Each structure stands twice: as structure tokens, then as C-alpha cells.
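Down below is the structure, laid out as C-alpha cells.
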Amino acid sequence: MSLPSNSKQKCKIIRIISPTQVQVALLSDETKTFVVDNNDIIPIVPVLLEQRQQQQQQQQQQQQQEQHVNRLSDLDQFSDKQTSDQEETENKSNYFHSQKEPEPLSKHVHDFARIFWEHRHHIPLNQVKDQNGRTLVGFSGKNIVKYLSAHLPSQVIQLSRHLQGTQNSNNVRDNSHGPNDNENHSDEEMKFEQEGLSKEQVVECCQKLLEYGYIQLVLVQNQKLAFRREELVDFKGSNRYLYQMALEKHREFVLEKEPDRMAWREQTVIQVYSHSHGDRWIKGTIAQVKSDEITVNYGDPQLMQKVVDRCDDCLRSVPDFVAVRSNWKKGSPIEVYSASTKRWWLGEIQVVVKENAHKKVDQFQIYFTVDEPTPKKLTKWLPRWSPLLRPPMPLSPELQKFVKGSKVVVYSVTYNKYLEGVIVSILPEYEAVKVTYGNGELTKSVAVNKKYIKREKKVKRENERFFYIFFYHYLNHICNKCDVLKKIKKR
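Quick look at the structure:
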């Protein structure tokens with residue numbers, strides 16, 4: 001059998017009859033076989049690929065036509081929708097702005113507490129003795145309420161509004177107390193009303209200072225028993241209740257305002273407020289730093305000493321100390337303390353970071369070189385007010401005579417003589433130099449104002465002077481001997 005002319009059928013090759021002919025069978029009916037020429041056979045794979053390509057082209061054409069039709073319809077409706085789209089965008093923007101997350105209440109209380117802390121010196125103090133006879137100093141609840149209402153009414157109203165916004169209802173906290181707790185004064189009530197705030201609002205703000213730990217109850221007068229729980233939690237605007245600023249919060253506010261206190265270290269010159277020296281600020285020197293405990297020496301000519309907290313109001317930095325550090329910037333020379341070598345090393349500020357993750361910071365990236373035990377370059381990240389940073393120390397006139405790498409002679413107690421050495425580093429804080437001597441096997445620090453170290457040039461001059469003196473005496477001796485011989489010959 002032979003295939004009908006001008007027809008295409010899917011077949012499979014059964015056997016090869018000759019180099020030009022093969023026998024095939026239909027895939028649809030394998031009982032039907034045919035003999036065909038090799039030229040009439042077309043591989044089925046290229047055919048399938050060609051059909052697939054044609055289908056893809058048709059699909060692309062249909063998609064392009066649909067897109068064209070959609071564009072035409074969009075153009076027709078664009079002018080009508082443009083105004084509405086803009087309005088919708090503005091509405092969404094206004095919505096998201098209105099839905100901005102409010103600042104937490106703790107931040108508002110913190111800001112109010114900072115203002116209260118800044119006014120602490122203006123609030124009248126009460127001195128009361130406790131059961132053990134100790135004198136306690138603090139603010140009575142009544143004096144706090146009176147001062148806030150008289151001098152900080154706008155801040156009280158502002159915090160009160162935030163407090164009302166966080167409550168489920170607008171009812172102010174009921175702070176009803178007994179006749180001995182909150183004293184009623186009609187003239188004060190009238191003054192509150194004139195200022196646009198009520199006494200309950202002031203007491204409520206004080207309540208938040210107590211709840212968040214900014215103030216603390218230290219004494220209840222005429223009470224022998226321990227504090228009741230409600231007394232520790234509820235603020236009482238009464239003279240019977242004595243409050244103090246919490247020490248940790250006081251430190252927090254002091255360091256926020258005066259971060260230079262964190263840079264204090266031993267030998268730092270500061271100012272001390274002294275009552276014994278006429279109630280004035282005098283210069284002092286820090287002798288020891290142990291955590292937040294500062295030992296300071298002060299007074300002239302009589303030396304006095306006191307141990308106080310780092311954040312005590314009787315201490316402050318000298319103006320030059322703050323001015324020098326405030327002017328540090330990129331490229332400024334600076335000295336860095338290395339704990340591993342226990343030495344200060346000269347470095348340079350490479351990077352200054354003022355803000356990180358939306359928080360105010362003041363940090364430096366510092367590059368410096370350490371020569372011990374082998375020279376190497378290091379980098380450190382430190383805040384501006386770190387005690388591990390200081391300005392470069394000036395060299396005294398005597399120390400300027402010695403240069404790093406210059407040759408010297410050092411007196412050795414072990415060998416009981418001077419040995420040649422080399423200066424490896426300058427120690428301005430100790431008015432000394434560090435030298436290696438004895439063929440580099442020995443190392444020690446030597447004060448330059450002692451006679452245990454001499455510069456090489458000075459040694460050469462001394463040796464030359466010694467030679468000239470010896471030669472002079474030798475010649476005198478020879479001359480004198482010649483005169484004696486002449487006298488003997490004459491005899």
C-alpha cells in the first residue's frame with residue numbers, strides 16, 4: 001500500500017527496506033503499513049514545534065488587540081476619574097496622618113519630670129527628724145502642689161490633657177483623702193480656677209511622678225508604723241508627707257544636661273562648691289574615681305578632701321574642659337587609653353556620628369597606633385564624653401629635649417653604670433620616657449628630671465670636657481716634672 005497523495009499522516013518506521021525506502025505504520029492503526037521514500041518523511045518534532053509557535057503568535061496577537069481596546073476605553077474615562085483619584089489619594093494621606101501613633105504617656109511624664117527637676121531648687125525644703133533622730137530633707141506634698149500651680153500651670157495642664165486622653169473616661173482621678181491628708185484651702189481653690197486648672201489636676205500630675213518613680217515618699221510625720229501601701233502609691237498634697245527626688249532619676253537628668261561628668265577621671269581638674277570657703281566655687285582635683293563615687297581634693301592653702309556622688313550639685317566641670325571636647329571634630333588629634341597596654345596613645349578622629357536609629361548620639365571612630373609589643377594600627381568607637389579620651393598632653397620644656405627614637409644613656413643599678421639605650425615612647429602624664437637598653441633586652445620608664453638618663457649629645461660633650469680636663473692636668477704634670485729635672489741638673 002501507498003499513502004494517499006497530498007496527505008500528512010502520523011506514522012512510525014517499522015523497518016528499512018532500501019537506502020531510499022522505509023516501511024511505516026499508522027499510529028492510529030498499526031495494522032495499516034506503507035512503503036514510502038525517505039524524501040517523503042518529515043520528523044514529527046519540528047512539526048510540533050512549528051505548530052506551537054503558530055499558536056503562541058496567535059495568542060500574542062489576541063492579547064495585543066485586547067490591550068489596545070482597553071487603552072481606548074481607559075482614555076475615554078481618564079478625564080472623569082482623574083479628579084476623583086486625586087481626592088481619594090488626599091483622603092488616604094489625611095487618614096494615615098490622623099492615624100499616626102501617639103507618643104507614649106511615659107514620654108510626657110518624663111518631660112514633665114525633667115521640668116520639675118530643673119525647678120527643684122526653687123521649691124521650699126522641709127527638714128524633719130525621723131524616729132531615729134536623723135534629719136531628712138525634702139519637699140512636702142503641699143509645697144509641691146503650691147509651686148506647680150503657681151509657677152508651672154501650663155505644663156500641668158498639658159500633662160493633664162495627655163492623661164485624660166489615655167483614660168477611658170474624662171473623669172479625673174478621685175483623690176479624696178481624710179482631713180489630715182489633703183488640706184482644703186478655699187483661697188487656693190480660687191487661685192487654681194483663675195489659672196484654668198483644678199487642684200485635682202495638679203495632684204494627678206504629682207501622682208504620675210510618684211507612680212513612674214521620679215519622686216518617692218521618705219517620711220510621714222507623726223506616724224510610727226511603716227508606710228501603708230496606698231501611701232506609697234497615692235500622692236498626698238499635705239505637709240505631713242515628705243517627698244524626695246529619686247536618686248537614679250536625679251542622676252539621669254544630671255547626665256542628660258551635663259554629659260561631661262562622665263568624662264571625669266583621676267587628676268581631672270573640676271570646680272567644688274565650698275561653704276567653708278565663703279560659699280563659692282573653687283578649683284579641685286579628682287583623687288579617685290570608684291564607679292559614681294568621686295574623691296576630690298580642694299582648698300588652698302589648706303588641703304581638704306570630700307567623697308561625693310558624681311552627680312552631686314556641689315561639683316561641676318571647669319569651662320575649658322567642656323569647651324575643648326565640644327570642639328572635637330573629624331580630623332582632630334586625640335589621645336586614646338588602651339587597657340591592654342595601660343597607656344595613652346595618640347590618634348585621630350575619622351568619623352563623627354550624631355544620630356543613630358533616630359536617636360541622638362555623639363560618637364567618634366578613632367584610629368590610633370600602638371607600639372607595644374609590636375606596632376599596629378587600631379580603631380575604636382567611643383562617645384565624646386568617654387573617660388578613655390583626652391586632648392593631646394602638652395610636653396614640658398624638659399620633656400621636649402627627648403625625642404622618640406633618639407639615643408640616650410641610662411643608669412643601671414644592676415650593672416652600676418650607664419648603658420646605651422633608645423627612647424621608644426614619651427610619657428607626658430608622668431614626665432618620663434620609656435627606653436630600651438642593654439642591647440634591647442631591658443626596658444624601663446625613667447623620669448627626665450632625674451640624673452638616671454642623659455641624652456647622647458650631652459654625654460659626648462661631657463666626655464669631651466672630661467678628656468680636655470684630663471689632658472690639661474696631664475700637660476701640667478709633664479711641665480712641672482720638666483722644671484724639677486732642670487733644677488736637679490743645675491745642682
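Heads up: the sequence shown begins at 1 in the UniProt record's numbering, then just goes up one per residue. Glycine included, each C-beta is placed from N, C-alpha and C at the ideal position. A quick note: this is a predicted structure, and the numbers were derived from the prediction, not measured.
Measuring CB to CB, does Y367 end up less than 8 Å from V410? Taking 8 Å as the Cβ cut-off, Y367 and V410 do not qualify as a contacting pair.
Using 8 Å for Cβ pairs, my map puts P259 next to W385. What's the rounded Cβ distance? Sure, about 5 Å apart at Cβ, within 8 Å.
Give the secondary structure of N171 by DSSP, where H, G and I count as helix, E and B as strand, and everything else as coil. In this prediction, N171 has a pLDDT of 47, which is less than 50 and means its spatial position is unreliable; what the coordinates show is noted afterwards. Here N171 sits in coil by DSSP.
By DSSP, does D111 sit in helix, in strand, or in coil? DSSP places D111 in helix when its eight states are reduced to three.
Using a Cβ-Cβ cutoff of less than 7 Å, which residues in the same chain neighbour T20 once the five nearest sequence positions on both sides are dropped? Cβ neighbours of T20 within its own chain (closer than 7 Å, five residues either side excluded): D37, N38.
For the alpha helix (DSSP H) that F321 lies in, which residues bound it at each end? 319-326 is the span of the alpha helix (DSSP H), which, as asked, contains F321.
Got a sec? Which residues, its chain only, sit under 6 Å from A263 by beta carbon, not counting five neighbours each side? The beta carbon of A263 sits closer than 6 Å to the beta carbons of W385, P387 from its chain, once the five residues preceding and following it are set aside; these are given in chain order.
Count the other CB atoms, across all protein chains shown, that sit within 10 Å of the CB of S354; report buried if there are 16 or more and exposed otherwise. Note on residue identity: the sequence assigns Lys, not Ser, to residue 354. Per the 10 Å Cβ criterion, exposed.
To which residues of the same chain is N356 closer than 8 Å at the C-beta, ignoring the five residues directly before and after it? Excluding sequence neighbours, N356 sits near Q363.
Nearest CA to the CA of V269: which residue from Q164, P319, F235, V35? Here the closest residue by C-alpha is P319.
Suppose contacts are defined by Cβ-Cβ distances below 8 Å. Is K434 in contact with T443 by that definition? Cβ atoms of K434 and T443: closer than 8 Å.
I13, buried or exposed, once every other Cβ within 10 Å from all chains shown has been counted against 16: Label assigned to I13: exposed.
Residues in the same chain with beta-carbon distance under 7 Å from F253, minus the five sequence neighbours each way, listed in chain order, please. For F253, same chain residues with a beta-carbon under 7 Å away, outside a window of 5 residues either side, are R114, W117 in chain order.
Whether or not the region 229-249 and the region 138-150 are in contact is what I'm after, with contact meaning three or more pairs of Cβ atoms, one per stretch, closer than 8 Å; do they touch? A contact exists between the region 138-150 and the region 229-249.
First and last residue of the beta strand (DSSP E) that includes I282? From DSSP, the beta strand (DSSP E) with I282 extends over 280-290.
Return the first residue and the last residue of the alpha helix (DSSP H) that F253 is part of. Annotation for F253: the continuous alpha helix (DSSP H) segment containing it runs 247-257.
Beta-carbon proximity list for L72, same chain, < 6 Å, skipping 5 on both sides: Residue confidence for L72 is low, a pLDDT of 45 falling below 50, so the modelled location carries little weight and cannot support an answer.
Determine whether the beta carbon atoms of Q271 and I282 lie at a separation below 8 Å. Yes. Within cutoff.
Measuring straight from C-alpha to C-alpha, what distance separates D430 and E335? According to the sequence shown, residue 430 is Tyr rather than Asp. Whole-angstrom Cα-Cα distance: 15 Å.
In the DSSP output, which residue or residues are listed as bridge partners for F139? Beta-bridge pairing links F139 to Y243.
Looking only at its chain, what residues have a beta carbon closer than 7 Å to the beta carbon of R120, apart from the 5 residues adjacent to it on each side? A distance below 7 Å between beta-carbons, with the five flanking residues on each side excluded, links R120 to the following residues of its chain, in chain order: M245.
Reducing DSSP to helix, strand and coil, say where Q82 ends up. Note on Q82: pLDDT 46, under 50, position unreliable in the model; the coordinate value appears next. In the displayed model, Q82 falls within a helix according to three-state DSSP.
Can you give me the C-alpha to C-alpha distance between V220 and L152, rounded to a whole angstrom? For V220 and L152, the distance between alpha carbons rounds to 26 Å.
In chain order, what residues of the same chain lie with their CB nearer than 7 Å to the CB of F78, ignoring the 5 residues before and after it? For F78, the pLDDT reaches just 42, beneath the cut-off of 50, and the residue's location in the model is therefore unreliable, although a value from the coordinates is still provided. Excluding sequence positions up to five before and after F78, its CB lies less than 7 Å from no other CB in the same chain.
What are the residues that DSSP puts in a beta bridge with Q23? According to DSSP, Q23 bridges with R15, V35.
Which residue wins for smallest C-alpha separation from S340, given the options T374, V307, F321? Residue T374 is the option with its Cα nearest to S340.
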